[in-house]
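A.B. asks: Below is one structure. I have some questions about it.
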Amino acid sequence: MAGPPIADPIPFPTPTPVISPVQPDSEQIVVIYVIIAMAVIIFGFWNVPVVRNLINPLKLFTIALHEFCHIFAAVISGGRILRITIDPHIGGATIVEGGRPSFILASGYLGSTLLGGLFVLAGYSTLVAKVMSFVLGIGLVMPLALVRDKLWAHLTTCHPSGS
């Protein structure tokens, strides 16, 4: 006499390797290495006398972003902008009247860090990379549009000096 039918044993699922959500994939690792290489190159070129002129547009863009963060904080905290200076060799300054001084002072570094983080994150998404490359392009050209002496702007971009 045959007993009741017996079901096949339930197979146990094979364990899948757990990948951390913050672990970069192979493409992202390449991006990280490129970011590190570019940071080393830029930091190396930042103060080398002859070579530093090659990265002047990048320096101006970096300083302008930093100063923009001060300006933004001053405006939203009720301050008034009196003067802004940007120089690739000595940095920048934003002279503000009113506002909350501690907030305005801290915003330069905090804002620059957040914007820099956006540029790093741009390496992980094609759409974000396109948007941030547009921001970078506008940021590199914008200081030239604000120059009063157009001949100086032409000489700066086309004939960099060795100083």
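Residue numbering for the sequence shown follows the numbering used here, beginning at 1166 and increasing consecutively. For glycine and all other residues, C-beta sits at the position ideal for the given N, C-alpha and C.
(1) How long is the line joining the alpha carbons of glutamate 1262 and arginine 1248, rounded to whole angstroms?
(2) Hey, would you say asparagine 1272 sits closer than 7 Å to histidine 1235, going by beta carbons?
(3) Using the Cβ count rule (16 or more neighbours within 10 Å means buried), how would you classify threonine 1179?
(4) For serine 1290, which option in Pro1186, Gln1188, Gly1168 and Gln1193 has the closest C-alpha, if you only look at C-alpha atoms?
(5) Can you tell me where the alpha helix (DSSP H) with threonine 1227 in it begins and where it stops?
(6) Quick one: give me the first and last residue of the alpha helix (DSSP H) that glycine 1257 is part of.
(7) Determine whether the beta carbon atoms of phenylalanine 1210 and arginine 1217 lie at a separation below 7 Å.
C.D. replies: In brief:
(1) As a position in the sequence shown, residue 1262 is number 97, starting the count at 1. As a position in the sequence shown, residue 1248 is number 83, starting the count at 1. Using only the alpha carbons, I get a separation of about 10 Å.
(2) The residue labelled residue 1272 in the question sits at position 107 within the sequence shown. The residue labelled residue 1235 in the question sits at position 70 within the sequence shown. Checking the sequence, you will find serine at residue 1272 rather than asparagine. Yes, the pair counts as a contact, with Cβ atoms nearer than the cut-off.
(3) Walking along the sequence shown from the start, residue 1179 turns up at place 14. Threonine 1179 comes out exposed.
(4) In the sequence shown, residue 1290 corresponds to position 125, counting from 1. For serine 1290, the nearest C-alpha among the options comes from Gln1193.
(5) Here the question's residue 1227 lines up with position 62 in the sequence shown. Here the alpha helix (DSSP H) through threonine 1227 covers 1221–1241.
(6) Position 92 of the sequence shown, counting from 1, holds the residue named residue 1257. Careful: glycine 1257 lies outside any alpha helix (DSSP H), inside the beta strand (DSSP E) at 1256–1262.
(7) Residue 1210 sits at position 45 when you count from the first residue of the sequence shown. Residue 1217 sits at position 52 when you count from the first residue of the sequence shown. Taking 7 Å as the Cβ cut-off, phenylalanine 1210 and arginine 1217 qualify as a contacting pair.
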